[in-house]
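First the structure, in the form of C-alpha cells, and then the observations on it.
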Amino acid sequence: MLSTGDPFEKHLSQTLHSNITTTFGRKPQNPRRCKPFYPVSFYDRHLASQLVLKHITINPSIPHFLSQLCEKEIVDFVTAGHSFTTNEFITFGFRKLNSVMPSQLGLHYATCVSRCCSSIASRIFFHPSYPSCVSAFIFWAQSVEGPGTNFLAEGTLDVDNRLTGSPEKAKSVPLFETMDESTTSKLKDLAMHSAHLATWELYAMTPSAHKLLKSMQTSDFKWDRSHVRGVPADFCSLQVPADAKSEFIGKLHRDHAQKKRKVVKQRTSSNTPRVKLAPAIPQHANTKGRPYRPDPSHYLQRAWARAVENDATFIIFHCGDRERIGIRHRESQTLYLSELIDTTACKDPPYGAIQVGLHLAIMQDALQRQKQRSSHDPSSLTKKRPAEHGHASVPESKRQKVTDIRHDHRKESGLSDIEQIQAVLSSKALALLSLNYGTYHSPTPSSFIRVGASCVRGYHDQPFKEPSRKATYNSSQYFSLILSEEIGSGAIGVVHRATAELQLESGLKVHHRLAVKLVFSNHLGYQRKLRKEHSIYHYLASKDNIEGVLPVYGLFEDTETGTLALIMDDGGSSIRYGVSVPEKQRISFTRAMASIHRAGVRHFDLRPNNLLINEEGETFIIDFDRAQLNPRPQAISREVACLKHVLDGKEDDEDFYSAPPNSYHSESDTSFGSFT
1 MLSTGDPFEK
11 HLSQTLHSNI
21 TTTFGRKPQN
31 PRRCKPFYPV
41 SFYDRHLASQ
51 LVLKHITINP
61 SIPHFLSQLC
71 EKEIVDFVTA
81 GHSFTTNEFI
91 TFGFRKLNSV
101 MPSQLGLHYA
111 TCVSRCCSSI
121 ASRIFFHPSY
131 PSCVSAFIFW
141 AQSVEGPGTN
151 FLAEGTLDVD
161 NRLTGSPEKA
171 KSVPLFETMD
181 ESTTSKLKDL
191 AMHSAHLATW
201 ELYAMTPSAH
211 KLLKSMQTSD
221 FKWDRSHVRG
231 VPADFCSLQV
241 PADAKSEFIG
251 KLHRDHAQKK
261 RKVVKQRTSS
271 NTPRVKLAPA
281 IPQHANTKGR
291 PYRPDPSHYL
301 QRAWARAVEN
311 DATFIIFHCG
321 DRERIGIRHR
331 ESQTLYLSEL
341 IDTTACKDPP
351 YGAIQVGLHL
361 AIMQDALQRQ
371 KQRSSHDPSS
381 LTKKRPAEHG
391 HASVPESKRQ
401 KVTDIRHDHR
411 KESGLSDIEQ
421 IQAVLSSKAL
431 ALLSLNYGTY
441 HSPTPSSFIR
451 VGASCVRGYH
461 DQPFKEPSRK
471 ATYNSSQYFS
481 LILSEEIGSG
491 AIGVVHRATA
501 ELQLESGLKV
511 HHRLAVKLVF
521 SNHLGYQRKL
531 RKEHSIYHYL
541 ASKDNIEGVL
551 PVYGLFEDTE
561 TGTLALIMDD
571 GGSSIRYGVS
581 VPEKQRISFT
591 RAMASIHRAG
601 VRHFDLRPNN
611 LLINEEGETF
621 IIDFDRAQLN
631 PRPQAISREV
641 ACLKHVLDGK
651 EDDEDFYSAP
661 PNSYHSESDT
671 SFGSFT
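In terms of the UniProt record's numbering, the sequence shown opens at residue 1 and continues consecutively.
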C-alpha cells in the first residue's frame, strides 16, 4: 500500500499484520463476582417497536470487508498526495494483563488497539497534514453499576470531549488549535448528534463469556418486553433514522432479503380490560432460588438498545481473546454479526487490518449519515445549543397542557376534583406504567404493584396491607401512567415527569401531572434509601401544619424487574445555582423548612436541585432519602444557614451540602432538573 521507501511503511505493515499477543491472566481473582446477570434494563423493554431488533444474520465476510475498506482508504489517501507520519505514532501495544475484568480489558483495548487504529482513521478523514499521528477521537470504557459489575463493562468511541468542552480545553490540544472551522464544525456536530459513534460490550474473559459469544447465531429475534396481558397493544408512527448510503453497508445488505413489515392493528374492545400480571424475572444467580441462566438474546438486546440510544451503527462484542463485530441495519431491524474472531490468532485477515478497517468504517459511516442529515437540513452543521439564561429566578413552564382541574370545583360527593384525584391515586393497587418519549414508546405497559401506603394527608393513616400479587386486576383497581422525558438523575436512580390517566367517581376523565422517581436495583442499598424516603414522607404526612412537601401517592414495585417507583405530584422546576430567589419564594421556603424541623426532621441535602418552584410560584422541598429524625439543635441551625446560603445564590459549597454520617454518597442522589 505504501512505497518501499516510505518511513511509515514498516509501522503500517506491523500494525495491519498484528494480532493481540498480550499475556492474559486466565482466572479472575474472584470468580463468583464474574457471573453473568440479567442485563436488560427497565428502559430496554420499552423501546418503540420500529426500533427493536428483529433479525440476526451471521455474515462471515465482515472481517474481509473491513480489511478491504482499510486497504482502499489508505491507497486513496496516498494517491491523493497525502502521507502518514511516524511522529507520535503508537503501534499495537502488548503487555501482560493479570486481570480479566471487563473494565481492565476495555482499558487494554483502548491503549493497545483503539489508540493506534483511531489515529490512522482520524488522520485520513479529518487532519491529513497534521505533523503528528494523533486522533480527534478517544475510546472510553466504564463499568456497569449494579450486579454483574465484574462481568460486563461498556466501551464507546467518542469525539474527544475537549473539543466540545470550553474553549480553554480545546485550546489545550494542539490538534484542535490547527483545525479549520469546517472540520471543527463537523466534529462538533458528530458529538452533538450522538454521544458515542460506536459501542462495545466488554465481557470478563471467562468460559461464560466465550460460551455467550459462541452462542450468538442467525435467527429471528424476540424482543423481551413486559408480559402484562389484557391491555391492547399500543403502536406509534415513528421516523427511523436512516442508514448510511455507503458501499460498505450496501455490501452487507445486498444479499439480505427485505421482509415486508406486517401492519399490526391495535385491538379495540368496548369491554373493560382485565390485566394479567407476569412473574418476576430472575435477575442474577441465587435470586429467590432461581439462578439466572446466561442467555445470548438478553445480551444482544442490551447491546442493540445501547446502539439505538446513541444512534450507533457498529456494536462490538469483546472479551479479550474473542470478539464479534456487529453492524446495526436500522431499516430492516437486522444485526449483522461476524463469525467469532480469535483476536490472538487471526490470519486472513489479521486482527490489525480488521481493527483499522473497523475504525475507518465507524468514522466513514458517521460522516455519511451526517452528510445525509445536512442534505435535508443544510443549516444543521451551524446550529448551536440554546444559550443558558442566568437572569430569571422563577422558571418558566414548558409542560404539556392537560385537563384543567380547579381546586374549588366540587362534585355531588362534596370533594373537589383535586381531592378526587388524590383519593384515586392513594387507593389504587396497581399502576400500569408506559414510556412515551424519544426512542421509547411502550407497546405494553409495565405493571407496578403498590408496596407502600399513600403519604397524602387524610389517606396516610388508613390501614395498609400490600395487595396480593394475584393474576388479574380489573380497571377499578389500576390507573395508567405515561412517563415523558427524564428531568433528573443521580446516584440511585432517575426522575421523570408523568401523566396519570384517571376516571373520577363523577365519570370525568382527567389527566394529572406527576413526577415518578425510579430506582432500578438495591445495589449499594439504593432501593433501601428510596424506601426510607417514602417512610419520611409518610411520617411528615402524620404531622400537622407541614408546608412545602409534595403529595406522595405511594411506593410501587414492577412485578417483573423489581424496579421501585415513588409517585408524587409534579412540583415544578429546580431553582438555579448561583441565582438569588425572589423574596416571596424565600419566605415560603423558609416557612416550609421551619415546619419540617418542627416535625423533627432534618433534610441533610439542601441544594438548588432539591428546591422547586412551580408555575403558580408555589415552593416545595424534595429528596428526603438522606433525612434523619430527631436532629440536634446545632444541626437545625446549620441547616437553616445552609438554606439561606442556597437562597442567596451563593456558589456551590460542599460543606453546606454534606451528607449525614454513614451515608452512601457525598454527592446528590436523585433530584428534579430544570426545564429552562
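Ideal Cβ placement from N, Cα and C applies to all residues, glycine included.
(request) Compare the C-beta of threonine 218 against all C-beta atoms of chain D and say whether one is closer than 9 angstroms. (result) No chain D is part of this structure, which consists of one protein chain only.
(message) For the beta strand (DSSP E) containing glutamate 486, name the first residue and the last one.
(response) If you number the sequence shown from 1, residue 486 lands on position 486. Counting along the chain, the beta strand (DSSP E) containing glutamate 486 begins and ends at 478-489.
(request) Specify, as a first and last residue, the run of the alpha helix (DSSP H) that lysine 188 falls within. (result) Taking the sequence shown and counting its residues from 1, the one referred to as residue 188 is at position 188. First-last of the alpha helix (DSSP H) with lysine 188: 181-193.
(message) On a Cα-Cα basis, can you pick out the residue from Lys470, Lys650, Lys371 and Leu252 that is closest to leucine 190?
(response) Translated into positions along the sequence shown, residue 190 becomes position 190. Per the Cα distances, Lys371.
(message) With H, G and I counted as helix, E and B as strand and the rest as coil, what does DSSP make of valine 519?
(response) Reading the sequence shown from its first residue, position 519 is the one you call residue 519. Valine 519 falls in the strand class under three-state DSSP.
(request) Count the other CB atoms, across all protein chains shown, that sit within 10 Å of the CB of threonine 218; report buried if there are 16 or more and exposed otherwise. (result) On the sequence shown, position 218 is the one that residue 218 refers to. Under this definition threonine 218 is an exposed residue.
(request) Buried or exposed for isoleucine 421, please, with buried defined as at least 16 other CB atoms from any protein chain shown within 10 angstroms of its CB. (result) Within the sequence shown, numbered from 1, the residue matching residue 421 stands at position 421. Buried: at least 16 other Cβ atoms inside 10 Å.
(request) Would you list the one or two residues that DSSP bridges to residue 684? (result) Not covered by the structure: residue 684. The range shown for the chain is 1 to 676.
(message) On a Cα-Cα basis, can you pick out the residue from Phe448, Glu309 and Thr15 that is closest to proline 241?
(response) Looking up residue 241 in the sequence shown gives position 241. With distances taken between Cα atoms, proline 241 lies closest to Glu309.
(message) Check for me: the beta strand (DSSP E) holding leucine 432 runs from which residue to which?
(response) Sequence index remark: in the sequence shown, residue 432 carries index 432 (1-based). Run containing leucine 432: 430-437, per the beta strand (DSSP E) assignment.
(request) Measure how close the beta-carbons of tyrosine 440 and tyrosine 43 come, nearest whole angstrom, since I'm counting them as under 8 angstroms. (result) Locating residue 440 in the sequence shown gives position 440, where the first residue counts as 1. Locating residue 43 in the sequence shown gives position 43, where the first residue counts as 1. Contact flag correct, Cβ pair sits at about 7 angstroms.
(request) Can you tell me the Cβ-Cβ gap for cysteine 70 and leucine 360, rounded? I've got them flagged as a contact below 8 angstroms. (result) Position 70 of the sequence shown, counting from 1, holds the residue named residue 70. Position 360 of the sequence shown, counting from 1, holds the residue named residue 360. About 6 angstroms separates the two Cβ atoms, so the contact holds.
(message) Going by DSSP in three states, serine 118 sits in which element: helix, strand or coil?
(response) Start at 1 with the first residue of the sequence shown, and residue 118 comes out as number 118. Serine 118 falls in the helix class under three-state DSSP.
(message) Can you find the residues in the same chain that come closer than 6 angstroms, C-beta to C-beta, to serine 122, ignoring five residues on each side of it along the sequence?
(response) Position 122 of the sequence shown, counted from the start, is the residue given in the question as residue 122. Closer than 6 angstroms at Cβ, skipping near neighbours: Ser135, Ala136 and Phe137.
(request) Less than 8 angstroms between the CB atoms is what I'm expecting for glutamate 501 and phenylalanine 479, so what's the real figure, rounded? (result) As a working note, residue 501 is residue 501 in the sequence shown. As a working note, residue 479 is residue 479 in the sequence shown. Yes, glutamate 501 and phenylalanine 479 are in contact; Cβ-Cβ is about 7 angstroms, under 8 angstroms.
(message) Rounded to whole angstroms, what is the Cα-Cα separation between proline 131 and alanine 170?
(response) Within the sequence shown, numbered from 1, the residue matching residue 131 stands at position 131. Within the sequence shown, numbered from 1, the residue matching residue 170 stands at position 170. Using only the alpha carbons, I get a separation of about 18 angstroms.
(request) In angstroms with no decimal places, state the Cα-to-Cα distance between threonine 22 and glutamate 533. (result) In the sequence shown, the residue the question calls residue 22 occupies position 22. In the sequence shown, the residue the question calls residue 533 occupies position 533. Their backbone Cα atoms lie some 49 angstroms apart in a straight line.
(request) Drop a sphere of 10 angstroms on the beta-carbon of histidine 391, count the other beta-carbons inside from all chains shown, and report buried for 16 or more, exposed for fewer. (result) As a working mapping, residue 391 is identified with position 391 in the sequence shown. In this prediction, histidine 391 scores a pLDDT of 31, lower than 50, which makes its location untrustworthy; the coordinate-derived value is nonetheless stated afterwards. With fewer than 16 other Cβ atoms inside 10 Å of its own Cβ, histidine 391 counts as exposed.
(message) Just to confirm my understanding: we take methionine 363, look at its own chain, exclude 5 residues before and 5 after, and list those with CB closer than 6 angstroms. What are they?
(response) The residue given as residue 363 occupies position 363 in the sequence shown. Counting only Cβ-Cβ distances below 6 angstroms, and skipping sequence neighbours, we find Ala121 and Phe125.
(message) Quick check: what's the CA-CA separation for glutamine 14 versus serine 446?
(response) Position 14 of the sequence shown, counted from the start, is the residue given in the question as residue 14. Position 446 of the sequence shown, counted from the start, is the residue given in the question as residue 446. Using only the alpha carbons, I get a separation of about 53 angstroms.
(message) So if DSSP puts aspartate 158 in a beta bridge, which residue, or which two residues, is it bridged to?
(response) One-based indexing of the sequence shown puts residue 158 at position 158. DSSP output for aspartate 158 lists Ile138 as bridge partner(s).
(request) May I ask you to list the residues that DSSP assigns as paired with lysine 509? (result) Position 509 of the sequence shown, counted from the start, is the residue given in the question as residue 509. Per DSSP, Gln503.
(message) If I measure Cβ to Cβ from histidine 82 and keep anything under 6 angstroms in the same chain, skipping five residues before and after, which residues do I get?
(response) In the sequence shown, the residue the question calls residue 82 occupies position 82. The residues are Pro128.
(message) Quick check on the DSSP output: the alpha helix (DSSP H) that includes tryptophan 304 runs from which residue to which?
(response) As a first step, residue 304 is located in the sequence shown; it is residue number 304 there, counting from the start. Taken as a continuous stretch (DSSP letters only), the alpha helix (DSSP H) holding tryptophan 304 covers 296-310.
(message) Counting C-beta neighbours from all protein chains within 10 Å, is the total for leucine 12 16 or more, i.e. buried, or is it exposed?
(response) Residue mapping note: residue 12 aligns to position 12 of the sequence shown, counting from 1. Label assigned to leucine 12: buried.
(message) Quick check on DSSP: helix, strand or coil for asparagine 221?
(response) Residue 221 sits at position 221 when you count from the first residue of the sequence shown. The question names asparagine, but residue 221 is phenylalanine in the sequence shown. Reduced to three states, the DSSP call for phenylalanine 221 is coil.
(message) Using a Cβ distance threshold of 8 angstroms, determine whether the stretch 577-595 contacts the stretch 625-634, with at least three qualifying pairs required.
(response) no
(request) Would you mind giving the Cβ-Cβ distance between isoleucine 449 and leucine 514, rounded to the nearest angstrom? I have them listed as a contact below 8 angstroms. (result) Position 449 of the sequence shown, counting from 1, holds the residue named residue 449. Position 514 of the sequence shown, counting from 1, holds the residue named residue 514. About 17 angstroms separates the two Cβ atoms, so there is no contact after all.
(request) Pick out the complete beta strand (DSSP E) segments inside the stretch 576-618, 3 residues or longer, and give them in chain order. (result) 611-613
(message) To the nearest angstrom, how far is the alpha carbon of lysine 10 from that of threonine 91?
(response) In the sequence shown, residue 10 corresponds to position 10, counting from 1. In the sequence shown, residue 91 corresponds to position 91, counting from 1. Straight-line Cα distance between these residues: approximately 10 angstroms.
(request) Sort Lys251, Ile325, Thr344 and Asp342 by Cα distance to leucine 335 and report the nearest one. (result) If you number the sequence shown from 1, residue 335 lands on position 335. Closest by C-alpha distance to leucine 335, out of Lys251, Ile325, Thr344 and Asp342, is Ile325.
(message) Looking only at its chain, what residues have a beta carbon closer than 7 angstroms to the beta carbon of valine 646, apart from the 5 residues adjacent to it on each side?
(response) Position 646 of the sequence shown, counting from 1, holds the residue named residue 646. Leu606, Arg607, Pro608 and Leu611, listed in sequence order.
(request) Find the nearest neighbour of valine 601 within the set Ala429, Pro349, Arg373 and Glu639, judged by alpha-carbon distance. (result) Against the sequence shown, residue 601 aligns to sequence position 601. Looking at the Cα atoms, Glu639 is the closest of the given residues.
(request) Tell me whether glutamine 628 sits in a helix, a strand or coil according to DSSP, three-state version. (result) Taking the first residue of the sequence shown as 1, we reach residue 628 at position 628. The answer is strand: DSSP assigns glutamine 628 an E or B state.
(message) Runs of 4 residues minimum, wholly inside the stretch 11-94: which ones carry the alpha helix (DSSP H) assignment?
(response) 62-79
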